[in-house]
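Chemist: The sequence shown begins at 1 in UniProt numbering and counts up by one.
Virtual Cβ for every residue (Gly too), placed ideally from N, Cα, C.
Structure incoming, see below.
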Amino acid sequence: MAATATVVKEAVKETLLGTDEPAAQLSAQTKLRFTNNAVKDPETGELYMGPEEFINAVAPSGEDYHKIKREQYSILFRVADSRGTGRVTLTDWGVFENLLKKPDAEYEIAFRLFDVDRIGTVKYSDFRNLYEMNKSPTSIPFDWDCEWAKLYIGSKKKRHDMTYAQFSQMLRGLQGERIRQAFQLFDKDGDGYIDPADFERIILETAKHKLSDHLLDNLGTLCNISQGSKISYANVRAFQNMIKEMDLVELILRRAVQRSSDGKITRSEFLNEAAKITRFSLFTPMEADILFHFASLDEPSGRLGLSDFAKVLDPSWRNPIYDGEDSAALEKAATKSGALLHRIAEGVYNFGLGSLAGAFGAFMVYPIDLVKTRLQNQRGAHPGQRLYKNSIDCFQKVVRNEGFRGLYSGVLPQLVGVAPEKAIKLTVNDLVRGYFSDKKTGQIWWGHEVLAGGSAGACQVVFTNPLEIVKIRLQVQGEVAKTVESAPRRSALWIVKNLGLVGLYKGASACLLRDVPFSAIYFPTYSHLKRDFFGESPGHKLGILQLLTAGAIAGMPAAYLTTPCDVIKTRLQVEARKGEATYTGLRHAAKTIWKEEGFTAFFKGGPARIFRSSPQFGFTLAAYEVLQTVLPMPGSTKSTDASKVSAGVSEAVSAVRGSMDTGPFARSRNALKIILDLDEDFGRRKMPNEQGWRSLPKAMGGGGGL
Numbered sequence: 001m002a003a004t005a006t007v008v009k010e011a012v013k014e015t016l017l018g019t020d021e022p023a024a025q026l027s028a029q030t031k032l033r034f035t036n037n038a039v040k041d042p043e044t045g046e047l048y049m050g051p052e053e054f055i056n057a058v059a060p061s062g063e064d065y066h067k068i069k070r071e072q073y074s075i076l077f078r079v080a081d082s083r084g085t086g087r088v089t090l091t092d093w094g095v096f097e098n099l100l101k102k103p104d105a106e107y108e109i110a111f112r113l114f115d116v117d118r119i120g121t122v123k124y125s126d127f128r129n130l131y132e133m134n135k136s137p138t139s140i141p142f143d144w145d146c147e148w149a150k151l152y153i154g155s156k157k158k159r160h161d162m163t164y165a166q167f168s169q170m171l172r173g174l175q176g177e178r179i180r181q182a183f184q185l186f187d188k189d190g191d192g193y194i195d196p197a198d199f200e201r202i203i204l205e206t207a208k209h210k211l212s213d214h215l216l217d218n219l220g221t222l223c224n225i226s227q228g229s230k231i232s233y234a235n236v237r238a239f240q241n242m243i244k245e246m247d248l249v250e251l252i253l254r255r256a257v258q259r260s261s262d263g264k265i266t267r268s269e270f271l272n273e274a275a276k277i278t279r280f281s282l283f284t285p286m287e288a289d290i291l292f293h294f295a296s297l298d299e300p301s302g303r304l305g306l307s308d309f310a311k312v313l314d315p316s317w318r319n320p321i322y323d324g325e326d327s328a329a330l331e332k333a334a335t336k337s338g339a340l341l342h343r344i345a346e347g348v349y350n351f352g353l354g355s356l357a358g359a360f361g362a363f364m365v366y367p368i369d370l371v372k373t374r375l376q377n378q379r380g381a382h383p384g385q386r387l388y389k390n391s392i393d394c395f396q397k398v399v400r401n402e403g404f405r406g407l408y409s410g411v412l413p414q415l416v417g418v419a420p421e422k423a424i425k426l427t428v429n430d431l432v433r434g435y436f437s438d439k440k441t442g443q444i445w446w447g448h449e450v451l452a453g454g455s456a457g458a459c460q461v462v463f464t465n466p467l468e469i470v471k472i473r474l475q476v477q478g479e480v481a482k483t484v485e486s487a488p489r490r491s492a493l494w495i496v497k498n499l500g501l502v503g504l505y506k507g508a509s510a511c512l513l514r515d516v517p518f519s520a521i522y523f524p525t526y527s528h529l530k531r532d533f534f535g536e537s538p539g540h541k542l543g544i545l546q547l548l549t550a551g552a553i554a555g556m557p558a559a560y561l562t563t564p565c566d567v568i569k570t571r572l573q574v575e576a577r578k579g580e581a582t583y584t585g586l587r588h589a590a591k592t593i594w595k596e597e598g599f600t601a602f603f604k605g606g607p608a609r610i611f612r613s614s615p616q617f618g619f620t621l622a623a624y625e626v627l628q629t630v631l632p633m634p635g636s637t638k639s640t641d642a643s644k645v646s647a648g649v650s651e652a653v654s655a656v657r658g659s660m661d662t663g664p665f666a667r668s669r670n671a672l673k674i675i676l677d678l679d680e681d682f683g684r685r686k687m688p689n690e691q692g693w694r695s696l697p698k699a700m701g702g703g704g705g706l
């Protein structure tokens, strides 16, 4: 029987603790992490890590560990030092790294911490001794002889050891029992209510390591969700349940926001989505009230987005005032040059992608633009005087007389000039909109939107007018060659030299008259379509198809309503042929066209302008999205794999949350959070015997039940 018991004991030990792997089988990364932090024994030459070296390996200095103090990672050293020697060897390190990869690593680390004798069970005496040694002297007392504790470890006369499964389940409910006992302690008169200050102390001692600064700063406001100035036990339980299910709350919020048209949801929408995801109503009305109460403290509108909920759900969210003005100034000074260089690099990157995308968009619709130009340049009031009947006839004749390449006459200057044109237009529009937008809400008056668009259109004329006049003369050159014998073909360079600097700005007034209203109509329409029709918001990014549609629709009224100005500009910039009317200026051109060709002449090429301007911006956007994916900015953390869709619970508020735990020891932090449910100060105090936990029960006089 004794032999059988020994075999079973060893089997349990091997299952829970694993076996020592030979160092030769360890991965290169494991060895590298060990050797980078280990020190050499001067006598034996063996590499090892003491507590300080171990902390440096699992928690490098200079990183943000949220509410956990860096020295508390020494708790994990006792787990890695499985033999109690006060040293972690390469073999110990390999076993520890392997432990972190297990699916239940967090609970197994906690179990190994309290399994002092490494026998596969936790003795109550060991557990109690280590708890008493590590808890803060000023912490709220906890009664280990309560009915709840007896259910897990037995009464005082019938204590029993806890297996891994029993111990893990006990830890799971420990925080709730701590909160219950603390509430009873502060509820002096037994009426089921406590003061906000007492509630704040309870949460700070039991759950501070799991909560954001926003929550911790505003704990006392929980009393405001109901009548009166005190907090009931129901409020406390609802608060605990909500923070306990943070991951599920994030998933529900993400799904609800995706279904929303404006990227924001109400309390009712949250509860409806929760009912769809869970098999029964998991969250009570009070729990939903608490979630929306804390999320809406800075935005009391009733409709909240992911950025509002991030302050509640993300424990890494920090209140800027915590850093202090001095540290903020120092940080700003330290990063100013780096941030400036990054902005410059980002600007160059965006300009390059915008230039390529703009050139692609212009190239795709260029044949339509050529047809539009030739139709607008037709003179004469009668059909017999016109070379082309309509857009289709013009397209066919160009291909028949000049070949397919004729559709791209003058395309080179268009591609060269589209980069500065797009850059100027988009930059000016963003600058003016940013100046007039409300700094807190981002809202802008529609009149200022029109002003921003008009300003962008006015500034782009500096580049577009020379570009347009060269392009137009190249576009009509083909038809001249077919109608006039021995007509020479001119290059773009010849046209520029022939016109000179002043000639390149011929028709600039008409160009200004066209581009200002075009942009004044286009940009506000595009912005409102994205926000009001497609529901774009910080938490709701539009798809490519939605952006294409918004760009196409916005371009339709902008293109057609500005066609008269485009007709006048074309007539002024085209070199008049023999027998055709010549125009001395903007007003003269308008009067002559009205008199000789009638009102309808002002809308020649209007449909062609719609078919060109609408898809051009769509093609540009599509190309821009693809280029961002294929050619990410160097140093960017954005994934280049378009097939990777953010769907995990941990990424539910990825649009607004800060840095995530992504290192090889991310789960060690989660394990510490479980251990800190025992006491906020666990692991901060130095142990009287640093040679290992195994001798602690004896040092404490342990071994028997308390």
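Excluding the 5 residues preceding and the 5 following residue 322 in the sequence, name in chain order all residues of the same chain whose CB lies nearer than 7 Å to its CB.
Modeler: Residue confidence for residue 322 is low, a pLDDT of 39 falling below 50, so the modelled location carries little weight; the figure read from the coordinates is stated next. Closer than 7 Å at Cβ, skipping near neighbours: 213.
Chemist: Quick one: does residue 428 have its CB under 7 Å from some CB of chain B?
Modeler: Note that chain B does not occur in the displayed structure, where there is just one protein chain.
Chemist: Out of 152, 85, 407 and 667, state which residue places its alpha-carbon closest to the alpha-carbon of residue 374.
Modeler: Closest by alpha carbon: 407.
Chemist: Using three-state DSSP, classify residue 633 as helix, strand or coil.
Modeler: Coil, per DSSP.
Chemist: Taking 7 Å as the cut-off, decide whether the C-beta atoms of residue 473 and residue 495 are in contact.
Modeler: In this structure, residue 495 lies closer than 7 Å to residue 473 by Cβ.
Chemist: Which residues in the same chain have their Cβ closer than 7 Å to the Cβ of residue 554, if we skip the five residues on either side of it in sequence?
Modeler: 522, 525, 526 and 529, listed in sequence order.
Chemist: Using alpha carbons as the reference points, say which of 391, 434 and 163 lies closest to residue 120.
Modeler: If we check each option's Cα against that of residue 120, 163 comes out closest.
Chemist: On the criterion of 16 or more Cβ atoms from any shown chain inside 10 Å, does residue 563 qualify as buried, or is it exposed?
Modeler: With 16 or more Cβ atoms within 10 Å of its Cβ, residue 563 is classed as buried.
Chemist: If distances are taken between C-alpha atoms only, which option among 70, 561 and 232 comes closest to residue 516?
Modeler: Closest by alpha carbon: 561.
Chemist: Return yes when the Cβ of residue 614 is within less than 7 Å of the Cβ of residue 552, no when it is not.
Modeler: Yes, they are a contact pair.
Chemist: Give me the residue from 680, 170, 169 and 228 with the minimum Cα distance to residue 193.
Modeler: Closest option to residue 193, Cα to Cα, is 228.
Chemist: DSSP three-state call for residue 188: helix, strand or coil?
Modeler: Here residue 188 sits in coil by DSSP.
Chemist: What residue range is occupied by the uninterrupted alpha helix (DSSP H) comprising residue 556?
Modeler: Note, residue 556: alpha helix (DSSP H), 544–561.
Chemist: Can you give me the Cβ contacts of residue 510 inside the same chain, cut-off strictly under 7 Å, excluding the 5 residues immediately before and after it?
Modeler: Cβ within range, chain order: 565, 568, 569, 572 and 586.
Chemist: Residue 51 and residue 77 - do their beta-carbons sit closer together than 7 Å?
Modeler: Cβ atoms of residue 77 and residue 51: closer than 7 Å.
Chemist: Grab the span of the alpha helix (DSSP H) containing residue 68 for me, first residue to last.
Modeler: Taken as a continuous stretch (DSSP letters only), residue 68 belongs to no alpha helix (DSSP H), as it is neither H nor E.
Chemist: Where do the ends of the alpha helix (DSSP H) carrying residue 311 lie?
Modeler: From DSSP, the alpha helix (DSSP H) with residue 311 extends over 306–313.
Chemist: I need the DSSP call for residue 265, collapsed to helix, strand or coil.
Modeler: Residue 265 falls in the strand class under three-state DSSP.
Chemist: Under DSSP, the alpha helix (DSSP H) around residue 106 begins and ends at which residues?
Modeler: Looking at the DSSP string, the run of the alpha helix (DSSP H) that includes residue 106 is 105–114.
Chemist: Given that a residue counts as buried once 16 or more other Cβ atoms are within 10 Å of its Cβ, and exposed if not, what is residue 594?
Modeler: Classification of residue 594: exposed, given that the 10 Å Cβ count is below 16.
Chemist: Do you know whose CA, among 452, 30 and 512, lies nearest residue 99's CA?
Modeler: Residue 99 has its Cα closest to that of 30, out of 452, 30 and 512.
Chemist: Quick test of your reading: residue 371 and residue 355, contact by CB under 8 Å. State the CB separation rounded to the nearest angstrom.
Modeler: About 25 Å separates the two Cβ atoms, so there is no contact after all.
Chemist: For residue 452, collect the residues of the same chain with a Cβ closer than 6 Å to its Cβ; drop the 5 residues on either side in sequence, then sort them by chain order.
Modeler: Contacts found: 429, 432 and 433.
Chemist: Taking the alpha carbon of residue 252 as the reference point, which residue from 268, 237 and 631 has its own alpha carbon closest?
Modeler: Taking only the C-alpha atoms, the option nearest residue 252 is 268.
Chemist: Mind checking which residues open and close the alpha helix (DSSP H) that includes residue 387?
Modeler: Premise fails: residue 387 is in no alpha helix (DSSP H) and is neither H nor E.
Chemist: Should residue 281 and residue 288 be called a contact, given that it needs their Cβ atoms to be closer than 7 Å?
Modeler: No; because the gap between Cβ atoms is not below 7 Å, this pair is not in contact.
Chemist: Leaving aside the five residues before and after residue 220 along the sequence, list all residues of the same chain whose C-beta is less than 6 Å from its C-beta, in chain order.
Modeler: Counting only Cβ-Cβ distances below 6 Å, and skipping sequence neighbours, we find 196 and 200.
Chemist: Is it buried or exposed for residue 671, if we count other Cβ within 10 angstroms and need 16 for buried?
Modeler: Buried, by the Cβ-count rule.
Chemist: Helix, strand or coil, according to DSSP, for residue 297 in the structure here?
Modeler: Note: residue 297 maps to coil in three-state DSSP.
Chemist: By the 10 Å Cβ neighbour count, where 16 or more other Cβ atoms means buried, how is residue 146 classified, buried or exposed?
Modeler: By the neighbour-count rule (16 or more Cβ atoms within 10 Å), residue 146 is not buried but exposed.
Chemist: CB residue 242 to CB residue 174, shorter than 7 Å?
Modeler: Cβ distance not < 7 Å, so residue 242 and residue 174 don't count as in contact.
Chemist: In whole angstroms, what is the alpha-carbon distance linking residue 450 and residue 424?
Modeler: The straight-line gap from Cα to Cα measures roughly 17 Å.
Chemist: On a Cα-Cα basis, can you pick out the residue from 257, 262 and 261 that is closest to residue 271?
Modeler: Selected option, being the one with the closest Cα: 257.
Chemist: Can you check DSSP and say which residues form a bridge with residue 39?
Modeler: Answer is 48, bridged to residue 39.
Chemist: I believe residue 679 touches residue 135 by the beta-carbon criterion, under 8 Å. Please report the beta-carbon distance rounded to the nearest angstrom.
Modeler: That belief holds up - the Cβ atoms of residue 679 and residue 135 are roughly 4 Å apart, short of 8 Å.
Chemist: DSSP has residue 194 in a bridge; who is on the other side?
Modeler: DSSP output for residue 194 lists 231 as bridge partner(s).
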